[in-house]
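Step one of this worksheet: look at the structure below.
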Amino acid sequence: IKQARQRIQSFLLKYQLIYESKAWTKRHRLWLANRQFAHAAAQIAFQGYLNALEQAESRQAELEQQIREVIPAWSLFPLVTALQALRGVALIVAVTVVAEIGDLSRFENPKQLMAYIGLVPGEYSSGAKTRPRGITKAGNGCVRRVLFEAAWNYRHTAKVGAYKLSHMPAEIPQAAKDIAWKAQLRLCKRYRALLARGKKTQVAITAVARELLGFIWAIARHLSATSHGAAGVPI
Numbered sequence: 007i008k009q010a011r012q013r014i015q016s017f018l019l020k021y022q023l024i025y026e027s028k029a030w031t032k033r034h035r036l037w038l039a040n041r042q043f044a045h046a047a048a049q050i051a052f053q054g055y056l057n058a059l060e061q062a063e064s065r066q067a068e069l070e071q072q073i074r075e076v077i078p079a080w081s082l083f084p085l086v087t088a089l090q091a092l093r094g095v096a097l098i099v100a101v102t103v104v105a106e107i108g109d110l111s112r113f114e115n116p117k118q119l120m121a122y123i124g125l126v127p128g129e130y131s132s133g134a135k136t137r138p139r140g141i142t143k144a145g146n147g148c149v150r151r152v153l154f155e156a157a158w159n160y161r162h163t164a165k166v167g168a169y170k171l172s173h174m175p176a177e178i179p180q181a182a183k184d185i186a187w188k189a190q191l192r193l194c195k196r197y198r199a200l201l202a203r204g205k206k207t208q209v210a211i212t213a214v215a216r217e218l219l220g221f222i223w224a225i226a227r228h229l230s231a232t233s234h235g236a237a238g239v240p241i
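Numbering (the working numbering), first residue to last: 7 to 241.
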């Protein structure tokens with residue numbers, strides 16, 4: 007879908023056609039459908055790009071529906087459900103994290119999980135010199151990608167919006183909701199504090215993604231402890 011959208015935007019830019027408002031809304035899609043080009047070949051090419059986007063979106067909807075149908079029988083389905091209490095974590099993000107990592111409770115502490123995903127700072131050593139580097143990126147790139155996408159949601163003030171409430175599964179345990187609210191308060195504050203210190207946006211988002219993974223671990227450990235009749239894991 008991203009590739010199809012990029013092709014459309016690049017094609018329009020070639021003809022200096024720029025949509026000034028928010029892109030990919032219903033109004034924007036109507037605006038796209040009404041574009042006319044003088045040359046017949048240009049019109050055909052543009053329509054082909056629109057058709058490719060519609061096909062990609064249809065395929066995405068089909069895959070998401072198939073995921074919804076099969077995951078209730080999955081042993082880790084309760085974890086997928088509980089993680090959706092977190093801001094920025096909907097069904098696909100939760101499924102991706104759990105499917106790629108497996109049982110998160112096997113990690114003794116969140117730092118182990120962060121290192122496993124490659125979200126911890128690295129370093130470059132040469133002789134007696136040691137210089138810090140960015141994150142190691144040693145782990146699963148797919149998980150890092152969805153965590154970064156989720157982390158962008160913490161740029162805004164902490165709150166549970168109407169959309170999140172309406173799309174949140176009813177089966178989410180209260181303990182997961184409590185952890186998710188603590189995550190909002192901490193990560194929203196963390197993002198703004200890093201920007202205030204002059205850090206680049208991407209650096210701040212990376213830090214938020216790393217700490218978000220810690221809250222994901224906390225929910226997983228709590229579910230694991232609850233299933234074994236033990237007390238929940240504190241944050």
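Beta carbons: idealized from backbone N, C-alpha and C, even for Gly.
At the C-beta level, residue 157 and residue 220 stay beyond 8 Å of one another. When C-beta atoms of the segment 170-181 are compared with those of the segment 74-88, three or more pairs fall below 8 Å, so the two segments count as touching. Exclusion of the five residues before and after residue 43 leaves 21, 49, 52 as the residues of its chain whose Cβ lies within less than 8 Å of its Cβ.
In the same chain as residue 25, and ignoring 5 residues on each side of it, the C-beta atoms closer than 7 Å to its own belong to 34, 37, in chain order. Residue 127 counts as exposed, since fewer than 16 other C-beta atoms from the protein chains shown sit within 10 angstroms of its C-beta.
Our two residues, residue 109 and residue 226, have alpha carbons roughly 8 Å apart in a direct line. In this structure, residue 10 places its C-beta atom within 8 Å of the C-beta atom of residue 59. In the same chain as residue 207, and ignoring 5 residues on each side of it, the C-beta atoms closer than 8 Å to its own belong to 201, in chain order. Remark: C-beta atoms of residue 152 and residue 103 approach each other more closely than 8 Å. Between the alpha carbons of residue 213 and residue 197 lies a distance of about 8 Å. DSSP places residue 225 in the helix class (H, G or I) of the three-state scheme. No residue range can be given for residue 81, since it is assigned to no alpha helix (DSSP H) and is classified by DSSP as neither H nor E.
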